[in-house]
Amino acid sequence: MELMEAIAGRRSVRAYTSESLTRDQIQRLLEAAVLAPTGMNTQPWVFGVIQDPALLRDLNRRAKAHLLSTIDDASPLAGYRANLENPETDLFYGAPALIVVYAKPAVTSQIDGCLAAQNLMLAAYGMGLGTCWIGLAHGLLATAEVKAELGVPVECNVVAPIILGKPAAWPPAVERHAPEVAYWK
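Positions 762 to 946 (the numbering used here) are the ones given, in order, by the sequence shown.
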């Protein structure tokens, strides 16, 4: 697969088969992630991998409760309230795995973590796997309580919670705007 094909073809997948991922598949994705560029070569990333279905269900329940406790009527998330209150809503869309990209403190750690996340998502697409960045899980995963439960070093910050698995179906392409060029001198 050509790189531009992967960039153009990658989608946010929100429906997965129940097929498990192997440790080797996930290891290959982590190896792709750490090939990302970093400011001053700090390589500040740390990864968490969750494949335990019971833990994913628990985190889903807790993430929804956490969000509900933090949004008010003026919040941009207020429109999600009914979905978050629905016990059937699965923020992880039935994916068999969640990889959380964390960053140790460094000058460009959040940016570096995003670059690692993009590498991971493109590599997953190249392996026939789907991914989706689950921003709604960020708040819960960033709490001291959950970081302690998962064994995340306290100084690490959540960058990207990414679900992955075998897509039940690939979503169609979403129309993209042409690049807006502010200057070309």
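Note that the Cβ used here is the ideal one computed from N, Cα and C, for glycine as well.
Per DSSP, the bridge partner or partners of residue i
i    : result
A864 : W806, N918
A858 : L925
S773 : T892
I811 : L859
Closest residue to residue i among the options (Cα-Cα distance)
i    : options                : result
I787 : V774, V810, G840       : V810
T869 : A905, P837, Q804, A767 : Q804
W931 : Y777, E766, L764, M762 : Y777
K927 : L816, T892, Y944       : T892
C750 : Y886, V862, A885, A867 : No information on residue 750 is available, as it lies outside the stretch 762 to 946 that the chain covers here.
T783 : A867, P848, M888       : M888
N847 : K908, D833, K825, A858 : K825
L925 : L859, V935, V942, R772 : L859
P814 : V795, G855, T831       : G855
R775 : D851, T831, A797, L816 : D851
W894 : C917, Q871, S773, M765 : S773
G770 : E936, I872, P940       : E936
T904 : Y886, T831, E766       : T831
A794 : D873, M765, N844       : D873
P866 : N918, E792, Q812, E766 : N918
A929 : R789, A939, L890, K908 : L890
Terminal residues of the alpha helix (DSSP H) in which residue i lies
i    : result
T831 : 814-831
Y841 : Careful: Y841 lies outside any alpha helix (DSSP H) and carries neither H nor E.
A909 : 905-911
D873 : 870-887
D834 : Here D834 belongs to no alpha helix (DSSP H), and DSSP marks it neither H nor E.
R789 : 784-794
H899 : 899-902
Residue span of the beta strand (DSSP E) that contains residue i, given as start and end
i    : result
G891 : 891-894
Supposed contact pair residue j and residue i - C-beta distance, whole angstroms, cut 8 Å
i    : j    : result
L829 : R842 : 7 Å
I768 : L902 : Not a contact, Cβ separation roughly 27 Å.
A864 : W806 : 6 Å
E906 : P857 : Not really, about 25 Å apart at Cβ, beyond 8 Å.
L897 : I923 : Not a contact, Cβ separation roughly 13 Å.
Cβ neighbour criterion (16 or more within 10 Å) applied to residue i
i    : result
N821 : buried
D706 : Here the chain covers residues 762 to 946 and nothing more, so residue 706 does not appear.
T799 : buried
D833 : exposed
P933 : exposed
V920 : buried
V915 : exposed
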